[in-house]
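I have placed the structure first, in the form of structure tokens, so that the comments after it can refer back to it.
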Amino acid sequence: MSETNKNRLIAIAEAFDGVEGVTNVSQYGMGHINDTYLVETKGKEKYILQRINDKIFTDVDKLMQNIVGVTEYISAHTAAPKEECLRVIPTSGKPYLRTEEGCFRTYNFISAGVSIEHVPTAEGLYVSAKGFGAFQAALDGYPAETLFDSIPDFHNTAVRFKKFVAAVENDVCGRRASVQKEIDFVTDRQRYCDRVVGALDRGELPYRVTHNDTKVNNVLIDVVNMRPVTVIDLDTVMRGSILYDFGDGVRSGASTGAEDERDLTKVNFSKELYAAYAKGFVGEVGGRLTEAEIGMLHFGAILMTYECGMRFLTDYLEGDTYFKTHREGQNLDRARTQFKMVQDMEAEEEFMRETVMKYAGKRN
Ligand code: ADP
Ligand code: GN1
Ligand code: MG
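Sequential numbering of the sequence shown, starting at 1, is according to UniProt numbering.
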């Protein structure tokens with residue numbers, strides 16, 4: 001980061017209420033969407049400053065209304081200490097600052113936990129699942145009708161499929177011919193796309209307030225005491241199916257390889273990690289799940305992994321405009337790891353279903 005940029009970011013950080021004596025601003029975390037910075041000050045206070053990706057989140061006012069609503073609700077209903085609750089720091093009475101460089105928001109920096117960025121241990125993943133399960137339970141009474149769809153059709157896999165087909169047809173970067181195998185993988189499984197949206201439409205699955213981006217690094221974990229601290233990255237908290245939250249946690253956590261691993265022999269679906277996630281998640285929400293949710297929860301993992309792979313492939317075909325990339329071909333590598341995981345999970349579907357049943361108390 002250049003000195004000019006840094007000084008500008010310091011000035012932006014200091015525009016937020018109570019943020020003073022900033023000594024450093026540095027890039028932070030491994031998110032794919034926003035630009036995240038750690039703000040250090042002369043005192044012991046630290047903050048997270050984020051430039052919101054307003055190409056993706058086009059109505060920042062409504063997005064921030066969602067986040068303020070959810071963070072305040074959680075703070076009011078939890079026994080957790082204040083410093084472990086995510087808080088939007090205002091600026092002149094507003095939850096974000098619009099500048100020439102984009103829209104910025106500031107959160108308190110939560111130091112009691114860290115993001116897991118590598119392949120988790122079964123214990124770590126269990127704690128992560130407990131965190132997302134507890135988050136889901138905590139928002140059970142939240143007025144869902146007040147939530148704005150920050151990304152419409154975010155997990156509508158059928159709509160995602162249409163966008164994928166358009167990207168294949170348009171082939172704006174001339175990459176289609178080199179990824180025919182991956183394209184076939186997606187089209188061969190089109191039957192997956194309607195299953196959850198169809199069940200939601202027909203009222204067979206209930207809508208709930210869901211996080212929708214339950215990637216392992218979106219929950220901060222106290223790795224000394226092995227407990228979940230705070231769920232972060234609330235941009236996509238919307239009405240959805242609990243299958244999405246279970247599913248994305250498994251997608252990101254139950255692989256033995258990194259999301260962008262090039263050597264697919266290192267990428268396998270781990271039954272041990274899956275079982276740890278199911279135990280943690282179902283342990284927190286189990287009593288509230290409907291029969292239909294219990295029966296389909298495992299499919300959420302296959303669907304979220306398939307959908308995410310399709311999104312990475314779409315982005316690759318469109319020229320890498322959505323997910324941040326740090327090297328050539330990274331989105332294609334990401335798509336391939338997801339498809340490897342889908343294949344592995346398909347072979348273990350019965351085990352996955354039975355494991356959920358076990359933790360939901362449906363069999364021994
Ligand atoms: P993105 O949408 O780009 O994924 P996130 O909101 O997830 O952005 O933030 C990126 C990373 O920054 C997280 O994975 C986490 O490691 C870190 N982070 C975000 N907010 C906080 C916070 N309030 N306290 C501590 N770390 C945070
Ligand atoms: C993005 O923001 P981040 O990095 O936690 C994406 C998720 C994907 C994930 C794949 C708003 O999550 O949907 O599953 O990358 N978030 C958004 O790693 O699109
Ligand atoms: Mg994130």
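For glycine and all other residues, C-beta sits at the position ideal for the given N, C-alpha and C. The structure displayed is predicted, hence computed values, not measured ones.
- Ranked by how close their Cα comes to the Cα of D315, the residues G329, L303, I302, A177 have G329 in first place.
- At least one heavy atom of the ligand MG lies less than 7 Å from the C-beta of K215.
- For Q27, the enclosing beta strand (DSSP E) stretches over residues 22-27.
- In the three-state reduction of the DSSP assignment, E204 falls in the coil class, being assigned neither a helical nor a strand state.
- Close CB contacts of R288 within its chain, under the 6 Å cut and outside five residues either way in sequence, are absent.
- Nearest neighbour of S255 by Cα position, chosen from E117, Y359, L147, V168, turns out to be E117.
- At the C-beta level, Y359 and V282 come within 8 Å of one another.
- For M310, the closest alpha carbon among the candidates G295, R227, K181, Y107 is that of K181.
- Counting C-beta atoms within 10 angstroms of its own C-beta, N331 has 16 or more neighbours from the protein chains shown and is therefore classed as buried.
- Approximately 7 Å separates the beta-carbon atoms of G249 and S128; this is inside 8 Å, confirming the contact.
- Your pair N217 and Y244 does not check out as a contact, with CB atoms roughly 17 Å apart and the cut at 8 Å.
- DSSP lists V231 as the beta-bridge partner residues of V219.
- Judged by DSSP in its simplified three-state form, L264 adopts helix.
- Counting along the chain, Q136 sits inside the alpha helix (DSSP H) bounded by residues 122-138.
- Only buried fits T236, as 16 or more other CB atoms lie within 10 angstroms of its CB.
- The way I'd put it, the region 41-50 doesn't touch the region 164-184; fewer than three beta-carbon pairs between them come closer than 8 Å.
- Under the three-state reduction of DSSP output, S75 falls in the helix class.
- Cβ atoms of E284 and G93 stay farther apart than 8 Å, at about 36 Å.
- For S178, the number of other beta carbons within 10 angstroms of its own is below 16, and it is reported as exposed.
- Here A15 is exposed: its Cβ has fewer than 16 other Cβ atoms, across all protein chains shown, within 10 Å.
- Take E3, set aside five residues on each side of it, and no residue of its chain has a beta-carbon closer than 7 Å to its own.
- Across the set I242, Y322, T58, N268, the C-alpha of I242 shows the shortest separation from the C-alpha of A292.
- For H298, the CB contacts under 6 Å within the same chain, skipping 5 residues up- and downstream, are M352, R353, V356 in chain order.
- In this model, I10 and G21 are separated by some 9 Å (Cα to Cα).
- Contact between the region 109-123 and the region 267-277 is present, with at least three C-beta pairs closer than 8 Å.
- Of F161, L264, L205, the smallest CA-CA separation from Y306 is found for F161.
- Between the beta-carbon of V219 and that of G131 there is about 4 Å, and that keeps the pair under the 8 Å contact cut.
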